[in-house]
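Everything below concerns the one structure shown next.
There are 2 protein chains.
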Amino acid sequence: MTLYVDLAEQLGARIEQGLYRPGDRLPSVRALSLEHGVSLSTVQQAYRHLEDQGMATPRPKSGYFVPPNRQKLALPKINRSVQRPVDVSQWDNVLELISIPPGSDVLQLGRGMPDISSPTLKPLLRSLSRLGRRQSVAELSYGCIHGDPGLREQVSRLLLDSGCQIPYQDIVITTGCHEALSAAICATCQPGDIVAVDSPSFHGVMQALKGFGMKALELPTDPLTGISLEALELALEQWPIKAIQLTPTCNNPLGYIMPEANKRALLTLAQRYDVAIIEDDVYGELAYSYPRPRTIKSYDDDGRVLLCSSFSKTLAPGLRVGWIAPGRYLQKVLHLKYIGTGMTAQLPQLALAEFIESGHYEPHLRRMRSQYTRSRDLMTDWVRRYFPVGTRISQPHGGFMLWLELDSAFDSQRLNRALLPHKIQIAPGSIFSAAGKYRNCLRLNYAAKPDAHLEEAVRIVGATVAQLLDSDH
Amino acid sequence: MTLYVDLAEQLGARIEQGLYRPGDRLPSVRALSLEHGVSLSTVQQAYRHLEDQGMATPRPKSGYFVPPNRQKLALPKINRSVQRPVDVSQWDNVLELISIPPGSDVLQLGRGMPDISSPTLKPLLRSLSRLGRRQSVAELSYGCIHGDPGLREQVSRLLLDSGCQIPYQDIVITTGCHEALSAAICATCQPGDIVAVDSPSFHGVMQALKGFGMKALELPTDPLTGISLEALELALEQWPIKAIQLTPTCNNPLGYIMPEANKRALLTLAQRYDVAIIEDDVYGELAYSYPRPRTIKSYDDDGRVLLCSSFSKTLAPGLRVGWIAPGRYLQKVLHLKYIGTGMTAQLPQLALAEFIESGHYEPHLRRMRSQYTRSRDLMTDWVRRYFPVGTRISQPHGGFMLWLELDSAFDSQRLNRALLPHKIQIAPGSIFSAAGKYRNCLRLNYAAKPDAHLEEAVRIVGATVAQLLDSDH
Numbered sequence: 001m002t003l004y005v006d007l008a009e010q011l012g013a014r015i016e017q018g019l020y021r022p023g024d025r026l027p028s029v030r031a032l033s034l035e036h037g038v039s040l041s042t043v044q045q046a047y048r049h050l051e052d053q054g055m056a057t058p059r060p061k062s063g064y065f066v067p068p069n070r071q072k073l074a075l076p077k078i079n080r081s082v083q084r085p086v087d088v089s090q091w092d093n094v095l096e097l098i099s100i101p102p103g104s105d106v107l108q109l110g111r112g113m114p115d116i117s118s119p120t121l122k123p124l125l126r127s128l129s130r131l132g133r134r135q136s137v138a139e140l141s142y143g144c145i146h147g148d149p150g151l152r153e154q155v156s157r158l159l160l161d162s163g164c165q166i167p168y169q170d171i172v173i174t175t176g177c178h179e180a181l182s183a184a185i186c187a188t189c190q191p192g193d194i195v196a197v198d199s200p201s202f203h204g205v206m207q208a209l210k211g212f213g214m215k216a217l218e219l220p221t222d223p224l225t226g227i228s229l230e231a232l233e234l235a236l237e238q239w240p241i242k243a244i245q246l247t248p249t250c251n252n253p254l255g256y257i258m259p260e261a262n263k264r265a266l267l268t269l270a271q272r273y274d275v276a277i278i279e280d281d282v283y284g285e286l287a288y289s290y291p292r293p294r295t296i297k298s299y300d301d302d303g304r305v306l307l308c309s310s311f312s313k314t315l316a317p318g319l320r321v322g323w324i325a326p327g328r329y330l331q332k333v334l335h336l337k338y339i340g341t342g343m344t345a346q347l348p349q350l351a352l353a354e355f356i357e358s359g360h361y362e363p364h365l366r367r368m369r370s371q372y373t374r375s376r377d378l379m380t381d382w383v384r385r386y387f388p389v390g391t392r393i394s395q396p397h398g399g400f401m402l403w404l405e406l407d408s409a410f411d412s413q414r415l416n417r418a419l420l421p422h423k424i425q426i427a428p429g430s431i432f433s434a435a436g437k438y439r440n441c442l443r444l445n446y447a448a449k450p451d452a453h454l455e456e457a458v459r460i461v462g463a464t465v466a467q468l469l470d471s472d473h
Numbered sequence: 474m475t476l477y478v479d480l481a482e483q484l485g486a487r488i489e490q491g492l493y494r495p496g497d498r499l500p501s502v503r504a505l506s507l508e509h510g511v512s513l514s515t516v517q518q519a520y521r522h523l524e525d526q527g528m529a530t531p532r533p534k535s536g537y538f539v540p541p542n543r544q545k546l547a548l549p550k551i552n553r554s555v556q557r558p559v560d561v562s563q564w565d566n567v568l569e570l571i572s573i574p575p576g577s578d579v580l581q582l583g584r585g586m587p588d589i590s591s592p593t594l595k596p597l598l599r600s601l602s603r604l605g606r607r608q609s610v611a612e613l614s615y616g617c618i619h620g621d622p623g624l625r626e627q628v629s630r631l632l633l634d635s636g637c638q639i640p641y642q643d644i645v646i647t648t649g650c651h652e653a654l655s656a657a658i659c660a661t662c663q664p665g666d667i668v669a670v671d672s673p674s675f676h677g678v679m680q681a682l683k684g685f686g687m688k689a690l691e692l693p694t695d696p697l698t699g700i701s702l703e704a705l706e707l708a709l710e711q712w713p714i715k716a717i718q719l720t721p722t723c724n725n726p727l728g729y730i731m732p733e734a735n736k737r738a739l740l741t742l743a744q745r746y747d748v749a750i751i752e753d754d755v756y757g758e759l760a761y762s763y764p765r766p767r768t769i770k771s772y773d774d775d776g777r778v779l780l781c782s783s784f785s786k787t788l789a790p791g792l793r794v795g796w797i798a799p800g801r802y803l804q805k806v807l808h809l810k811y812i813g814t815g816m817t818a819q820l821p822q823l824a825l826a827e828f829i830e831s832g833h834y835e836p837h838l839r840r841m842r843s844q845y846t847r848s849r850d851l852m853t854d855w856v857r858r859y860f861p862v863g864t865r866i867s868q869p870h871g872g873f874m875l876w877l878e879l880d881s882a883f884d885s886q887r888l889n890r891a892l893l894p895h896k897i898q899i900a901p902g903s904i905f906s907a908a909g910k911y912r913n914c915l916r917l918n919y920a921a922k923p924d925a926h927l928e929e930a931v932r933i934v935g936a937t938v939a940q941l942l943d944s945d946h
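Residue numbers (the numbering used here), protein chains in the order written: chain B, 1 to 473; chain P, 474 to 946.
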């Protein structure tokens, strides 16, 4: 064990034991350096490690503090039921979630909507408006099938932060991440093929597997470290898996960041069994720690990783601009892109390229990361306060989603029906499983600015959960 | 035969015989009414019939005239080679056509680009700009999976003109017509299935068949009346066809309008053999005659027709807004829409709804129809003037595409290479055939405002064709 991990664990133990209480200032870097006889940078590394685990919070110029209410709720359990490839179901429940039009008065705590009210988005809107006013060929005509070269260059530059050196020629702009993921699936698999997925997993990908006739093999997934590599290896032994699809960084719905070592190990397994990896990185830039975690793609040396992402979570989903870096599958993906949508709308691409090039993207990301970090703490606190004892909860390290697990008999679809009169909607857990598991789980969105209205909504959801649990007993 | 058809044929015969020469004014409605003892409205109907056939041109307040240069070039021949289902090829040639970025200095005579410089588009740009400036949930968030209800209502209203009464609930907004067509194919067919198509046929659909693993059965298609019903019936007898895909109104690339009787007969055949019809109507509103022709969908009484269209040809392709009225396949299409792109971008949908609702769409269509009619005549004239004797040419009744057929040994891919130094690109005929037929054909776009520059380009293409033909002999 390295020095800094050792030190972090000692500090963590003291926090867990209550030697430092929520809100307390933790010892200064200098003091710990003297106390333990280690360098300043080792202490700093230890604090960053604790911060990643949500055990310490930095405050500028004041040092590190114990986050409020450190007594943790338990994590969701790992699903260990027998794995076999299944046909994907749950479409009706997904459809219910996505059929509510924008502007409806239902509070959609279930959808993957970022906060789009940030003032840091204003330059993007200005670009959209200004470019929309021009009557130039660029905005109204067919663009290049690959997408706007200027935007692709900016994406290529952004990818450097995740450890990827991908020339813009190897990037294809898509209509949101959906199109990227669907193209990735069709480029690597045939109908009837088996795709291994993390579990719980993004419903969009699983519905794509359903639509194109592939089977999903749901693998046990740790709520802190992601897909079980042991289970994956066994599955690769046992089944003719064609691709692994996962969201390793700021996972949806669990919020974990797969450790770098696991990412590398997963790639090695994929190479050994010669399967493709479809890496969804759509929340990757919303990791609460900086610099952002590396992608599996950043280790890819034989082009088997198809990296899929978009601006839907970092900026606004209504733009419908995503991208894919498809490695060796570039030609196939181009063909699928052509038949899927012909090309991606020009105007949002040009506005995005301008927004990023002018340096507006990074400040926006910083703001959202810090807002979502605070909101996670608040939302976690509200769940602790308003949900029944025994509620298990994820510990997101990025993004804006909480995953809750209730008593095994609980039914979150029933919860949604009970919430109808309150005009609140949550995402039922079952849509995150091909086979409809996780009925006792639900996903909550904490992207919106936390206010009394939101707190009241969480209180209502918690109280309704309690009522339903009571009525069962 | 009805009175007006009889009268139209008599007039037509006189024109063909040279009694009226190109540019001559034709007899007034009143004069013909007196001469033939028929009502004024019968004469008017006869003139509209002649106009539909390209034999008479109305000039406001001056009456009808013989179009310039009435001596016709021969029509393209009907392909009568043996039909069997084939895997689609030609992707490389399609990719070449669609890889040129907008703003490049290549004159793209091959692409399906409308004229986007019309001042009648200005209100749309104003809406785009104004809506883009607002920072409202409506533009930036996820919309409803079906598309914006306001736009769907406008589309429902527009569809009335084609004889369709389709409530907005049965319309799904898509990312261009590409997404509509791909969804229609996947909703009705499985990999390995056979789809009957008109021939030549839109390359986008055929590449979709390739991408999803279906086979194309190319049917003989008349350059004036469309798909051969006899050949279709034989094919339905012989092969387990799952769907018929065609562009019956203002066909791409041939420009014909399938007569209403044929449309009804085709639907009857589809019902008898229980196959779906995928009707591409993307050029339908650009028919030169008014009111616009009916769609096959307008006769559909059991929901087997999936009507696909978009604003890409009538307004601007860069918007990427299309729609599908999928009949009985609605639920399947919704699922495919979800996995394909999640939803369609909000901003262009809202701007389009505003544009149509404010009454700007009809005047724009009228302007484009009359512009494209004039351009067809001019372009036809230039081809007659600058292309080698023996060139066969289509007689488009809508849209903005000409289809040319040259000596059977001619190679239009070679032509494109020879045109490279001139920075001109045409669409090689082979991409309009699954099996790569029509190498001796090419498609020319006449959407752009005709000017000396365009005429010079057509002259260069014609001269290059002549050179290549000469070098072969």
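Beta carbons: idealized from backbone N, C-alpha and C, even for Gly.
Keep in mind the model is a prediction, meaning the values are calculated, not measured.
Work out the CA separation of residue j and residue i for me, nearest whole Å.
i        : j        : result
B/Arg70  : B/Arg21  : Confidence is the limiting factor: at B/Arg70 the pLDDT is only 49, short of 50, which leaves the residue's position unreliable, though a coordinate-based value still follows. Using only the alpha carbons, I get a separation of about 8 angstroms.
B/Met214 : B/Tyr438 : 21 angstroms
P/Asn889 : P/Val934 : 9 angstroms
P/Gly832 : P/Pro531 : 25 angstroms
B/Gly318 : B/Ser199 : 27 angstroms
P/Ser506 : P/Cys637 : 35 angstroms
B/Lys313 : P/Pro713 : 45 angstroms
P/Ala681 : B/Ile339 : 5 angstroms
P/Ala789 : P/Ser590 : 10 angstroms
P/Ser903 : P/Glu928 : 25 angstroms
P/Thr768 : P/Pro901 : 28 angstroms
B/Cys441 : B/Thr391 : 10 angstroms
P/Ile667 : B/Arg376 : 52 angstroms
B/Leu121 : B/Leu352 : 11 angstroms
Residues of chain P with CB closer than 7 angstroms to the CB of residue i, please, in chain order.
i       : result
B/Trp91 : His808
Which residues bound the beta strand (DSSP E) around residue i?
i        : result
P/Trp712 : First-last for P/Trp712: undefined, no H or E at that position.
P/Ala504 : Note, P/Ala504: premise wrong, no beta strand (DSSP E); alpha helix (DSSP H) at 502-509.
P/Cys914 : 914-918
B/Thr57  : 57-59
B/Gly63  : 63-65
For residue i, go through chain B and note every residue whose CB falls closer than 7 angstroms to its CB, in chain order.
i        : result
P/Thr768 : By Cβ distance, chain B contributes nothing, its closest Cβ being about 22 angstroms from P/Thr768, past 7 angstroms.
Applying the criterion that 16 or more other CB atoms from any shown protein chain within 10 Å of the CB defines a buried residue, is residue i buried or exposed?
i        : result
P/Thr661 : buried
P/Ile551 : exposed
B/Pro68  : exposed
P/Thr720 : buried
P/Thr817 : buried
B/Val389 : exposed
P/Glu508 : exposed
P/Ser906 : buried
P/Ser614 : buried
P/Gln804 : exposed
Could you spell out where the alpha helix (DSSP H) holding residue i opens and where it closes?
i        : result
P/Leu825 : 819-830
B/Met379 : 361-386
B/Cys308 : No alpha helix (DSSP H) holds B/Cys308; the beta strand (DSSP E) holding it covers 305-310.
Q) Mind listing which residues of the segment 833-845 of chain P have their C-beta closer than 7 angstroms to chain B's C-betas, in chain order? A) none
Q: Quick one: which residues of the segment 286-313 of chain B get their C-beta closer than 7 angstroms to a C-beta of chain P? List them in chain order.
A: none
Q) Taking Cβ-Cβ distances below 7 angstroms as the criterion, which residues of the segment 614-633 of chain P are in contact with chain B? A) Ser614, Tyr615, Gly616, Cys617, Ile618, Pro622
Q | Residues of the segment 589-602 of chain P with Cβ closer than 8 angstroms to any Cβ of chain B, in chain order | A | Ile589, Ser590, Leu594, Lys595, Leu598, Arg599, Leu601, Ser602
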